[in-house]
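Data block below; observations after.
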Amino acid sequence: MEPNTDPRGRLVRPKGTNDLLPPETGRWRRVEATFRALVESFGFDEVVTPVFEHTEVFVKSAGVVSDIVTKEMYRFTDRSDRDLTLRPEGTPGVVRAVLENRFRIPCRLYYTGPFFRYSRPQKGRYREFHQVGIEVLGEAAPETDAEVIFIGAEFFRRVGAVPCTVQLNTIGCRTCRPEFRALLVEFLNAKQDRLCDECRTRTDLNPLRVFDCKNESCQAVLAHAPKPREHVCGKCAEHFAGVQQGLTRRALAFTLNDRLVRGLDYYSRTTFEYTSTALGAQDSLGGGGRYDYLVAEFGGPDTPAIGFALGLERTLLALREPEAQPRRALVFVVWLGATEFPAALRIADDLRAAGIAAQIDYSGRRAKLQFKAADTARAAACVIVGPDELARGFCSVKNLTSGEQTKVPADHLADHVRALLQRAG
Ligand code: AMP
Numbered sequence: 019m020e021p022n023t024d025p026r027g028r029l030v031r032p033k034g035t036n037d038l039l040p041p042e043t044g045r046w047r048r049v050e051a052t053f054r055a056l057v058e059s060f061g062f063d064e065v066v067t068p069v070f071e072h073t074e075v076f077v078k079s080a081g082v083v084s085d086i087v088t089k090e091m092y093r094f095t096d097r098s099d100r101d102l103t104l105r106p107e108g109t110p111g112v113v114r115a116v117l118e119n120r121f122r123i124p125c126r127l128y129y130t131g132p133f134f135r136y137s138r139p140q141k142g143r144y145r146e147f148h149q150v151g152i153e154v155l156g157e158a159a160p161e162t163d164a165e166v167i168f169i170g171a172e173f174f175r176r177v178g179a180v181p182c183t184v185q186l187n188t189i190g191c192r193t194c195r196p197e198f199r200a201l202l203v204e205f206l207n208a209k210q211d212r213l214c215d216e217c218r219t220r221t222d223l224n225p226l227r228v229f230d231c232k233n234e235s236c237q238a239v240l241a242h243a244p245k246p247r248e249h250v251c252g253k254c255a256e257h258f259a260g261v262q263q264g265l266t267r268r269a270l271a272f273t274l275n276d277r278l279v280r281g282l283d284y285y286s287r288t289t290f291e292y293t294s295t296a297l298g299a300q301d302s303l304g305g306g307g308r309y310d311y312l313v314a315e316f317g318g319p320d321t322p323a324i325g326f327a328l329g330l331e332r333t334l335l336a337l338r339e340p341e342a343q344p345r346r347a348l349v350f351v352v353w354l355g356a357t358e359f360p361a362a363l364r365i366a367d368d369l370r371a372a373g374i375a376a377q378i379d380y381s382g383r384r385a386k387l388q389f390k391a392a393d394t395a396r397a398a399a400c401v402i403v404g405p406d407e408l409a410r411g412f413c414s415v416k417n418l419t420s421g422e423q424t425k426v427p428a429d430h431l432a433d434h435v436r437a438l439l440q441r442a443g
């Protein structure tokens, strides 16, 4: 087990988790705000569900044989012996919440927050990570699938992520999947000697998951495997054609990927994924699919549904360029001597009352050191309060980006600073 302290004996964070500090937190919030504004413009409303649920919620949805359930859940027993799990994904909790609260269906919901999976950490893969996601319950039309897929791609475009590729597939429905599954099992059974141990087990338990295997020998075998797309029933084929038409109508390019089956049992028909070349091995930015059976599986009415989840850590990794560390929309009030302190304090409060973020140094340090503190706080400007200024009813305002200093009458101070901060932001 890894130590919980560094060589100097100081406590460190658990393996696979991240600390997020300024200015990264600002960047993070901007990406999240872009997501909220985008999905709200498509009629989605926010839902917040617990970070842990009864383990059954995830077992029921993902299926007992999925990797998430068998290997990756942060599962624990609480002090009253409840079997609980830190949520590894968003959809099951949202479906549970909609049904438990008798929320109206159809509905369009979105969420953001932390998720937990016990997997081997590497770049872009963590044990605690963050997703933003949407769920549409009660819409069956292929146009909805196209709209959902479009929204994800539009999110990546707006935040400036490296152009991502949309991968698309269909995995059929309850009518056609059993037949395809049997065909695939027959094919895999004849090739057992060339499959890895895990895929040999999957052949019986969850054969579609073999498509996900990264092993070279398995991949070579699968190149000749029957493809779900070619074995779906008429209705699924028609639906899939509608999805593609919808994407084309929105001028959204996509790549058909026969191997895209996604790891979870609850998907039906459309599956999709956003990938980026900027990410290395963990190249998936996000993904989703239709899950027309899940709501009924949870005891609700038959409800067609579709959603996606996008990873925030990977989105930030894929951003074209790290943003230059911007100065903050913050003004630092610098006072030159004890006589000016009360006036400086009042000025800071007046600025805050006018909606401007203001900070002041109380240590009584020399002005030079207060300027240094302003720089460390990445303030965009300083207001300087000295005896001359006070006597003549003005303040000096220093733009910390350009170094330019201006004298501003006291009654124009808030307007002047606001304009300066807007330019800086
Ligand atoms: P999934 O729920 O597996 O379809 O994942 C959707 C997206 O969440 C992925 O494309 C990633 O961007 C992100 N994601 C999933 N698992 C992790 C992880 N362990 N670490 C970081 N991001 C993840």
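For the sequence shown, the numbering used here gives the first residue as 19, with consecutive numbering after it.
Every residue, glycine too, gets a C-beta built ideally from N, C-alpha and C.
- Item | Uninterrupted beta strand (DSSP E) stretches inside the segment 323-394 (no shorter than 3 residues) | Counting only unbroken stretches of 3 or more residues, the beta strand (DSSP E) elements lying wholly within the segment 323-394 are 323-329, 346-353, 375-378, in sequence order.
- Query: With C-beta atoms as the reference, is ARG277 less than 9 Å away from LEU334?
  - Reply: For ARG277 and LEU334, no; Cβs fall outside 9 Å.
- Message: If distances are taken between C-alpha atoms only, which option among ARG268, ALA323, VAL180 comes closest to LEU312?
- Response: The shortest Cα separation from LEU312 among ARG268, ALA323, VAL180 belongs to ALA323.
- Query: Among residues of its own chain, excluding the 5 on either side of THR289, which ones have a beta-carbon nearer than 8 Å to its beta-carbon?
  - Reply: Scanning its chain for C-beta atoms nearer than 8 Å, with the 5 sequence neighbours on each side dropped, one finds around THR289 the residues LEU186, ASN187, THR188, ILE189, LEU278, VAL279, ARG280, GLY305, GLY306, GLY307, ARG308, in chain order.
- Query: Leaving out five residues before and five after PRO330 in sequence, what residues of the same chain have Cβ atoms less than 6 Å from its Cβ?
  - Reply: Looking at the sequence shown, residue 330 is not Pro but Leu. In chain order, HIS148 place their CB closer than 6 Å to the CB of LEU330, counting only its own chain and leaving out the 5 sequence neighbours on each side.
- Task: Reducing DSSP to helix, strand and coil, say where SER84 ends up.
- Result: Collapsing the DSSP output to three states places SER84 in coil.
- Message: Please report the distance separating the alpha-carbon of LEU439 from that of HIS72.
- Response: HIS72 has its alpha-carbon roughly 48 Å from the corresponding atom of LEU439.
- Message: Tell me whether the segment 399-413 and the segment 344-357 touch, counting them as touching only if at least three CB pairs, one residue from each stretch, are closer than 8 Å.
- Response: With contact defined as three or more Cβ pairs closer than 8 Å, the segment 399-413 and the segment 344-357 are in contact.
- Distance between PHE121 and ARG195 (C-alpha atoms, nearest Å): C-alpha separation (whole angstroms): 31 Å.
- Message: Tell me which residues share the same chain as ARG345 and place their Cβ nearer than 7 Å to its Cβ, disregarding the 5 neighbours each side in the sequence.
- Response: Beyond the five residues adjoining it in sequence on each side, ARG345 comes within less than 7 Å, by CB distance, of ARG396, ALA397, ALA398, LEU418, THR419, ALA442 in the same chain, given in chain order.
- Message: Between the alpha carbons of PHE173 and LEU265, how many angstroms are there, rounded?
- Response: Approximately 15 Å, taken between the alpha carbons.
- State the start and end residues of the unbroken alpha helix (DSSP H) segment that holds ARG220. Taken as a continuous stretch (DSSP letters only), the alpha helix (DSSP H) holding ARG220 covers 215-223.
- Enclosing beta strand (DSSP E) for GLN423 [first to last residue]: In this chain, the beta strand (DSSP E) harbouring GLN423 covers 423-427.
- Query: With C-beta atoms as the reference, is VAL261 less than 9 Å away from ALA243?
  - Reply: 9 Å or more divides the Cβ of VAL261 from the Cβ of ALA243.
- So, helix, strand or coil for ILE169, using DSSP? ILE169 falls in the helix class under three-state DSSP.
- Distance, LYS33 Cα to PRO40 Cα: Roughly 21 Å separates the two Cα atoms.
- Message: If I follow the unbroken beta strand (DSSP E) through PRO132, where does it start and stop?
- Response: For PRO132, the enclosing beta strand (DSSP E) covers residues 125-134.
- Message: Output needed for ARG268: all residues of its chain with C-beta closer than 6 Å, excluding positions within five of it in sequence on either side, in chain order.
- Response: The beta carbon of ARG268 is closer than 6 Å to those of PHE168 in its chain, skipping five residues each way along the sequence.
- Message: Using only the alpha-carbon positions, how far apart do GLU234 and LYS390 sit?
- Response: Taking the Cα positions, GLU234 is about 57 Å away from LYS390.
- Which same chain residues, not among the five before or five after LEU155, have their C-beta less than 7 Å away from its C-beta? Answer for LEU155: VAL116, ILE123, PRO124, CYS125, VAL313, THR321, ALA323, listed in chain order.
- Query: Which one of ALA432, LYS425, ASP211 has the shortest CA to CA distance from ILE374?
  - Reply: The shortest Cα separation from ILE374 among ALA432, LYS425, ASP211 belongs to ALA432.
- Message: the ligand AMP and TYR92: does any heavy atom of the ligand fall closer than 8 Å to the residue's C-beta?
- Response: Checking every heavy atom of the ligand AMP against the Cβ of TYR92, none is found closer than 8 Å.
- LYS386 versus LEU102, GLN263, LEU354, VAL184, residue with shortest Cα-Cα distance: Checking every option, the nearest Cα to that of LYS386 belongs to LEU354.
- Task: Could you spell out the range, first to last residue, of the beta strand (DSSP E) harbouring GLU513?
- Result: Coverage of the chain is limited to positions 19 through 443, which leaves residue 513 absent and any answer about it impossible.
- Task: Would you check if the distance between the CB atom of SER137 and the CB atom of PRO110 is smaller than 9 Å?
- Result: For SER137 and PRO110, no; Cβs fall outside 9 Å.
- Query: If you follow the alpha helix (DSSP H) that THR52 is part of, which residue opens it and which one closes it?
  - Reply: Membership of THR52 in the alpha helix (DSSP H) is indicated by the continuous run 42-58.
- Residue nearest to CYS182 in terms of C-alpha spacing, selected from LEU213, ASP230, LEU270: Measuring from the Cα of CYS182, the nearest candidate turns out to be LEU270.
- Under the rule that 16 or more other beta-carbon atoms within 10 Å means buried, what is MET19, buried or exposed? Around the beta-carbon of MET19, fewer than 16 other beta-carbon atoms lie within 10 Å, marking it exposed.
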